[in-house]
Amino acid sequence: MRTTTRAVSVALLAPLLLAACSDAGGGEEEAAAGGGAAESGACEPAGEPVTLTYTSWIPGIEDVVAIWNEANPDIQVEVQTGPNGNGGTYANFFNQLEAGNPPDLGQIEFDALPNFRVQDGLENLAVCEDVAAAGDQFIDWTWSQVGLGEEGAAYAIPQDTGPMAMFYRADLFEQAGIEIPTTWEEYAAAAEQVREAGGYITNFSTGDINQFAGFVWQADGSWFNNNGEAWEVSLTSDASMQVADYWQDLIDRDLVSSLPGWTTEWDNAYNTGQAWTWISAVWGANSIASGAPDTAGQWRVAPAPQWEGVDGGGNWGGSTTAVFKGTENLYEASQFALWLNTSEEALNALIEAANLYPATKEGIELPALSEGVEFYGGQEIYEVFREAGAKVSPDFVWGPTMTQVYNDVSDGFSAAVSGQGTLGEALEAGQESTIAALEAQSIPVAE
Amino acid sequence: MSTTALDAPARTAPSPVNKTKVAHKSAIAVFVAPFGALFALFYLLPIGYAVWQSTRVVEREGTFGPPTEVFGGLAQYRNVLDNEAFWESIGRVLLFGIVQVPVMLGLALVFALLLDSPLVRGRRFFRLAFFAPYAVPGVIAAIMWGFLYSPNLSPFRPLTAEINFLSADLVLWAIANVVTWVYVGYNMLIIYSSLLAIPTEVYEAARLDGASQFRIAWSIKIPLVMPAIILTAIFSIIGTLQLLAEPQVFQSFTSSVTSDFTPNLLVYSTASVPNPSLAAAFSVVLALATFIMSFTFLKVTQRKAFQ
Chain V
1 MRTTTRAVSV ALLAPLLLAA CSDAGGGEEE AAAGGGAAES GACEPAGEPV
51 TLTYTSWIPG IEDVVAIWNE ANPDIQVEVQ TGPNGNGGTY ANFFNQLEAG
101 NPPDLGQIEF DALPNFRVQD GLENLAVCED VAAAGDQFID WTWSQVGLGE
151 EGAAYAIPQD TGPMAMFYRA DLFEQAGIEI PTTWEEYAAA AEQVREAGGY
201 ITNFSTGDIN QFAGFVWQAD GSWFNNNGEA WEVSLTSDAS MQVADYWQDL
251 IDRDLVSSLP GWTTEWDNAY NTGQAWTWIS AVWGANSIAS GAPDTAGQWR
301 VAPAPQWEGV DGGGNWGGST TAVFKGTENL YEASQFALWL NTSEEALNAL
351 IEAANLYPAT KEGIELPALS EGVEFYGGQE IYEVFREAGA KVSPDFVWGP
401 TMTQVYNDVS DGFSAAVSGQ GTLGEALEAG QESTIAALEA QSIPVAE
Chain D
1 MSTTALDAPA RTAPSPVNKT KVAHKSAIAV FVAPFGALFA LFYLLPIGYA
51 VWQSTRVVER EGTFGPPTEV FGGLAQYRNV LDNEAFWESI GRVLLFGIVQ
101 VPVMLGLALV FALLLDSPLV RGRRFFRLAF FAPYAVPGVI AAIMWGFLYS
151 PNLSPFRPLT AEINFLSADL VLWAIANVVT WVYVGYNMLI IYSSLLAIPT
201 EVYEAARLDG ASQFRIAWSI KIPLVMPAII LTAIFSIIGT LQLLAEPQVF
251 QSFTSSVTSD FTPNLLVYST ASVPNPSLAA AFSVVLALAT FIMSFTFLKV
301 TQRKAFQ
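Those sequence lines, one after another, are chains V and D. Counting from 1, one number per residue, gives the positions in the first sequence under full-length UniProt numbering. Counting from 1, one number per residue, gives the positions in the second sequence under full-length UniProt numbering.
Structure representation (structure tokens):
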């Protein structure tokens with residue numbers, strides 16, 4: 001029997017040690033990142049045919065890139081597709097950067113750019129003349145966000161944006177005789193009436209912290225500021241707390257549901273008329289159409305409710321095309337990124353493939369974005385988003401650890417909707433944990 | 001093997017004895033090499049890398065200064081000790097284990113004894129039926145149960161609309177149920193095969209002494225399969241501390257499963273911050289905790305079980 005014991009112990013020893021360690025050990029090499037790469041600061045054509053790699057999660061991106069490859073035999077682009085950023089692609093990018101072999105180009109959302117910059121993962125594209133000259137073409141706030149607070153810098157090319165407006169069930173509002181709210185005060189009042197009619201005015205999704213950030217953005221707040229010396233963290237700023245208190249009140253009075261976002265259950269709530277509005281970005285138009293197909297023709301879009309005294313615009317999402325540190329073909333990569341995000345040809349293809357809402361001033365005026373949309377009863381919905389987009393403030397700043405901020409605030413929000421604490425307390429906890437996370441990476445924080 | 005060793009000197013002169021030893025050595029090396037290489041590559045190297053990574057800290061200048069990794073000694077381990085979320089998650093899985101492991105192994109033992117008793121008909125059918133859930137991949141099982149629990153989409157809506165199994169209070173036990181469902185059959189099979197190995201003479205003797213089936217199960221079968229039960233218990237303790245797939249799948253059904261719900265989920269979300277050094281330190285501490293707990297359990301139980 002003693003031998004049995006020993007055999008058992010030996011058999012156990014190995015796998016348990018591995019199992020616990022494997023998560024962190026997984027294939028990250030600390031090899032020379034950027035070794036063998038072109039010196040930063042040079043944007044010269046290679047003078048020979050090159051092949052670039054590009055990772056993106058836009059549906060149908062292959063077809064758009066095929067147009068480029070057709071016209072540019074000397075700059076071929078290979079597309080790799082993956083899950084959306086926080087769904088896994090960012091983790092891959094970080095691992096690839098650490099291993100020293102990132103793709104040449106990658107799709108990165110605006111909110112994640114500082115995170116990649118702080119890990120020293122991005123090339124400054126403004127060293128390329130064509131990029132520096134293209135700044136005027138982009139919607140102001142997008143160009144300011146890719147600059148990351150640095151004069152004359154561009155760490156990515158803006159691709160699309162997500163100005164926010166209110167999707168609402170016109171039929172239900174009309175039946176119940178409820179006015180379409182234009183201010184947040186009216187929205188709360190309407191919420192009571194909707195609840196009496198048996199529905200919820202909307203669903204508060206505790207996982208969509210970037211949507212909440214959009215609300216704060218609209219209220220003229222900001223969560224971060226980089227003063228050049230240190231980061232200021234302001235998750236608990238007045239605007240932020242005002243928004244938190246507002247939603248906490250709706251949650252307390254059971255006027256909004258709190259199903260987890262992007263689940264079948266959530267789709268079901270929208271599809272069966274349990275949720276009457278959704279304050280979401282322009283790309284949300286597709287999400288409703290695919291998640292709630294039974295409600296076709298019943299939805300309309302109106303400007304998002306406003307705070308008193310603030311005529312603001314919120315933004316949720318939107319991507320950029322960034323070039324990773326270590327690329328040997330900065331010039332070619334920047335040429336491709338510019339074409340992809342500014343040329344009419346590419347933008348039309350992106351609109352067709354993925355309903356992308358461009359980040360250029362001319363792009364949002366394209367005919368494809370002036371047509372009525374059938375799912376919305378033929379309403380010219382992009383008109384509403386154009387107006388909303390024009391109000392988006394260029395002063396909102398993302399922090400360098402947004403993945404962590406989203407996780408921590410989302411955990412706090414989840415607790416709040418199940419009755420433990422409040423949204424405001426979750427922001428306070430998030431403020432503390434964010435400062436701790438910054439300090440853990442030696443990122444200076446202003447007191 | 002022993003016959004070769006004995007035959008060899010008889011057949012030939014004494015000198016080849018040495019040769020035989022050498023031949024054995026290389027044979028051993030050949031057999032061990034594939035395992036050794038894979039073991040080094042996929043076990044020792046990653047573990048070593050994780051330990052090394054856990055001693056690193058990041059330094060930088062300014063708000064966007066490029067990071068440089070330097071040796072930081074045990075700084076990350078101090079962060080681990082200070083990290084409330086980590087210890088809360090350990091507490092959570094321990095609570096989970098204290099309840100779930102005995103329930104699961106109790107069920108597995110009862111099923112194994114039933115299968116082994118002469119009273120049960122359709123033994124092959126039940127053996128397969130109990131084992132079938134283990135053949136369902138864990139992720140698929142979690143998705144299936146996620147829908148079964150769902151307050152609005154479950155086929156048992158009258159029940160799930162009343163009791164929200166996915167709420168913050170119950171979700172841990174909802175996950176425990178999934179894990180039990182998947183692993184009862186697996187553990188049952190280990191115990192059952194150990195029951196089959198008991199010589200029938202023992203039962204015969206017991207019956208001659210007038211023992212009932214229940215008495216045989218209680219006084220003979222259970223003590224004799226104790227080593228198997230302990231083995232399954234240790235596997236289960238390890239499995240509990242490593243919980244990842246089920247809670248992660250449940251994140252798409254409920255917001256009650258936070259990003260630091262279990263230690264491994266916390267490691268995962270820390271690694272994607274990205275803060276690989278802290279994640280590595282979490283992993284090392286978790287591995288040590290698992291190691292210590294498994295061996296403590298073995299030490300405590302082996303005196304009773306193996307003597």
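Think of the CB as a built atom: it goes at the ideal place given N, C-alpha and C, for glycine as much as any other residue.
Discussion item. To the nearest angstrom, how far is the alpha carbon of TRP398(V) from that of GLY147(V)?
Written reply: For the purposes of this step, residue 398(V) is taken as the residue at position 398 of the first sequence. For the purposes of this step, residue 147(V) is taken as the residue at position 147 of the first sequence. TRP398(V) and GLY147(V): Cα-Cα distance of roughly 12 Å.
Practice prompt. Taking all protein chains shown into account, decide if VAL243(V) is buried (16 or more other Cβ within 10 angstroms of its Cβ) or exposed.
Written response: Here residue 243(V) is taken as the residue at index 243 of the first sequence, counted from 1. Buried, by the Cβ-count rule.
Discussion item. Cutting at 7 Å between CB atoms, please list the residues of its own chain near ALA304(V), excluding the five before and the five after it.
Written reply: Residue 304(V) sits at position 304 when you count from the first residue of the first sequence. Result list for ALA304(V): MET164, ALA165, MET166, GLN218, ILE279, GLY314, ALA388, in chain order.
Item to complete: Please work out which residues of its chain come closer than 8 Å, Cβ to Cβ, to ALA346(V), disregarding the five sequence neighbours upstream and downstream, and give them in chain order.
Response: One-based indexing of the first sequence puts residue 346(V) at position 346. The beta carbon of ALA346(V) sits closer than 8 Å to those of VAL64, ILE67, TRP68, TRP339, LEU340, all from its chain and outside the five residues before and after it, given in chain order.
Worksheet item: In three-state terms, what does DSSP make of LEU189(D)?
Response: Here the question's residue 189(D) lines up with position 189 in the second sequence. LEU189(D): helix per DSSP, three-state reduction.
Practice prompt. Might you give, ordered along the chain, the residues of its own chain that have their beta carbon closer than 6 Å to the beta carbon of GLN96(V), omitting 5 neighbours on each side?
Written response: By one-based count along the first sequence, residue 96(V) stands at place 96. PRO102, listed in sequence order.
Worksheet item: DSSP state of GLU308(V), grouped into three classes?
Response: Locating residue 308(V) in the first sequence gives position 308, where the first residue counts as 1. In this structure, GLU308(V) counts as coil in the three-state DSSP scheme.
Worksheet item: Would ARG157(D) be called buried (16 or more neighbouring beta carbons within 10 Å of its own) or exposed?
Response: Looking up residue 157(D) in the second sequence gives position 157. It is exposed - the Cβ of ARG157(D) has fewer than 16 other Cβ atoms within 10 Å.
Practice prompt. Report the residue from MET402(V), SER442(V), ALA353(V), GLY149(V) whose alpha carbon sits nearest the alpha carbon of GLY60(V).
Written response: Against the first sequence, residue 60(V) aligns to sequence position 60. Of the listed residues, the one whose Cα sits closest to GLY60(V) is ALA353(V).
Worksheet entry | DSSP three-state assignment for VAL267(D), whether helix, strand or coil | Taking the first residue of the second sequence as position 1, residue 267(D) is located at position 267. It is helical.
Discussion item. Counting C-beta neighbours from all protein chains within 10 Å, is the total for PHE93(V) 16 or more, i.e. buried, or is it exposed?
Written reply: For the purposes of this step, residue 93(V) is taken as the residue at position 93 of the first sequence. Classification of PHE93(V): buried, given that the 10 Å Cβ count is 16 or more.
Discussion item. Going by DSSP in three states, TYR168(V) sits in which element: helix, strand or coil?
Written reply: If you number the first sequence from 1, residue 168(V) lands on position 168. Of the three classes helix, strand and coil, the one that applies to TYR168(V) here is strand, per DSSP.
Discussion item. Give me the DSSP bridge partner(s) of SER258(V).
Written reply: The residue labelled residue 258(V) in the question sits at position 258 within the first sequence. In the DSSP output, where bridge partners are listed per residue, SER258(V) has none listed.
Discussion item. If the cut-off is 7 Å on Cβ atoms, which residues from the segment 268-286 of chain D count as contacting chain V, listed in chain order?
Written reply: TYR268, SER269, ALA271, SER272, VAL273, PRO274, ASN275, PRO276, LEU278, ALA279, ALA280, SER283, VAL284, LEU286
Worksheet item: Any idea which residues DSSP pairs THR277(V) with across the strands?
Response: Here residue 277(V) refers to the residue found at position 277 when the first sequence is read from its first residue. Answer is TYR168(V).
Worksheet entry | PHE224(V) - partner residues in DSSP beta bridges | Taking the first sequence and counting its residues from 1, one reaches residue 224(V) at position 224. VAL233(V), per the DSSP bridge assignment.
Discussion item. So within the segment 190-219 of chain D, which uninterrupted alpha helix (DSSP H) runs reach at least 4 residues, ignoring any that extend past its ends?
Written reply: 200-208, 213-216
Worksheet item: Roughly how many angstroms separate the alpha carbons of ALA161(D) and ALA190(V), rounded to a whole number?
Response: As a working note, residue 161(D) is residue 161 in the second sequence. As a working note, residue 190(V) is residue 190 in the first sequence. Counting only the Cα atoms, ALA190(V) lies some 26 Å from ALA161(D).
Discussion item. Is it buried or exposed, VAL139(D), if we count other Cβ atoms within 10 angstroms and call 16 or more buried?
Written reply: The count along the second sequence starts at 1 and reaches residue 139(D) at position 139. An exposed status is given to VAL139(D), since fewer than 16 other beta-carbon atoms sit within 10 Å of its beta-carbon.
Discussion item. Can you find the residues in the same chain that come closer than 8 Å, C-beta to C-beta, to ARG207(D), ignoring five residues on each side of it along the sequence?
Written reply: Taking the second sequence and counting its residues from 1, the one referred to as residue 207(D) is at position 207. The beta carbon of ARG207(D) lies closer than 8 Å to those of ILE216 in the same chain, with the five residues before and after it left out.
Discussion item. One question on the structure: do ASN191(D) and ILE229(D) come within less than 8 Å of each other, judged by their Cβ atoms?
Written reply: Residue mapping note: residue 191(D) aligns to position 191 of the second sequence, counting from 1. Residue mapping note: residue 229(D) aligns to position 229 of the second sequence, counting from 1. What sits at residue 191(D) in the sequence shown is Ile, not Asn. Between ILE191(D) and ILE229(D), the CB-CB gap stays under 8 Å.
Worksheet entry | Whole-number beta carbon distance between THR320(V) and GLN159(V), since they are thought to touch under 8 Å | Residue numbering aside, residue 159(V) sits at position 159 when the first sequence is read from its first letter. Residue numbering aside, residue 320(V) sits at position 320 when the first sequence is read from its first letter. Confirmed, Cβ separation roughly 5 Å.
Item to complete: Please decide whether TYR200(V) counts as near chain D, where near means a Cβ-Cβ distance under 8 Å.
Response: Your numbering for residue 200(V) matches position 200 in the first sequence. No, TYR200(V) lies away from the interface with chain D (no Cβ there is under 8 Å from its Cβ).
Practice prompt. Determine the closest residue to ALA415(V) out of PHE130(D), THR258(D), ALA279(D), THR55(D), with distance taken between C-alpha atoms.
Written response: To locate residue 415(V), count along the first sequence from 1; it is residue 415. When each option's Cα is compared against that of ALA415(V), the closest is THR258(D).
Discussion item. Comparing C-alpha positions only, which one of ARG56(D), LEU114(D), ILE238(D) sits nearest to LEU94(D)?
Written reply: Your numbering for residue 94(D) matches position 94 in the second sequence. The option with the nearest alpha carbon to LEU94(D) is ILE238(D).
Fill in: Length of the line joining the Cα atoms of PHE295(D) and GLY97(D)
Sequence index remark: in the second sequence, residue 295(D) carries index 295 (1-based). Sequence index remark: in the second sequence, residue 97(D) carries index 97 (1-based). Between PHE295(D) and GLY97(D), the C-alpha separation is close to 16 Å.
Worksheet item: Can you tell which of SER219(D), GLU59(D), SER194(D) has its C-alpha closest to the C-alpha of ALA205(D)?
Response: Residue 205(D) sits at position 205 when you count from the first residue of the second sequence. Measuring from the Cα of ALA205(D), the nearest candidate turns out to be SER219(D).
Worksheet item: By Cβ distance, which residues of its chain are closer than 6 Å to PHE138(V), with the 5 residues on each side in sequence left out?
Response: Taking the first sequence and counting its residues from 1, the one referred to as residue 138(V) is at position 138. Contacts found: PRO158, ALA359, THR360.
Worksheet item: Where in the segment 99-149 of chain V do unbroken runs of the alpha helix (DSSP H), each at least 4 residues long, occur, reported from the N-terminal end onward?
Response: 113-118, 129-134, 140-147
Worksheet item: Does the pairing of the segment 268-277 of chain D with the segment 37-49 of chain D give three or more beta-carbon distances under 8 Å?
Response: no
Worksheet item: First and last residue of the alpha helix (DSSP H) that includes ARG92(D)?
Response: Within the second sequence, the letter at position 92 stands for residue 92(D). That run of the alpha helix (DSSP H) goes 84-116.
Worksheet item: Near GLU28(V), what residues of its chain come up, given a Cβ to Cβ distance below 8 Å and the 5 sequence neighbours on each side ignored?
Response: As a position in the first sequence, residue 28(V) is number 28, starting the count at 1. In this predicted model, GLU28(V) has a pLDDT of only 37, less than 50, meaning its place in the structure is not dependable; the value taken from the coordinates is given anyway. Correct list, in chain order: ASN95, GLU98, ALA99.
Practice prompt. Please report how far the alpha carbon of GLY106(V) lies from the alpha carbon of PRO444(V), in whole angstroms.
Written response: Start at 1 with the first residue of the first sequence, and residue 106(V) comes out as number 106. Start at 1 with the first residue of the first sequence, and residue 444(V) comes out as number 444. Distance between the alpha carbons of GLY106(V) and PRO444(V) is about 27 Å.
Item to complete: Kindly identify the DSSP beta-bridge partner or partners of SER56(V).
Response: Working through the first sequence from its first residue, we reach residue 56(V) at position 56. Residue pairing for SER56(V): DSSP places it in a beta bridge opposite THR81(V).
Worksheet item: Out of curiosity, what's the CA-to-CA distance linking GLY412(V) and LEU244(D)?
Response: As a working mapping, residue 412(V) is identified with position 412 in the first sequence. As a working mapping, residue 244(D) is identified with position 244 in the second sequence. C-alpha separation (whole angstroms): 20 Å.
Worksheet item: Ordered along the chain, which non-local residues of its own chain (more than five positions away) have a Cβ less than 6 Å from that of ALA280(D)?
Response: For this step, residue 280(D) is matched to residue 280 along the second sequence. So the qualifying residues of the chain are ALA50, GLN53, SER54.
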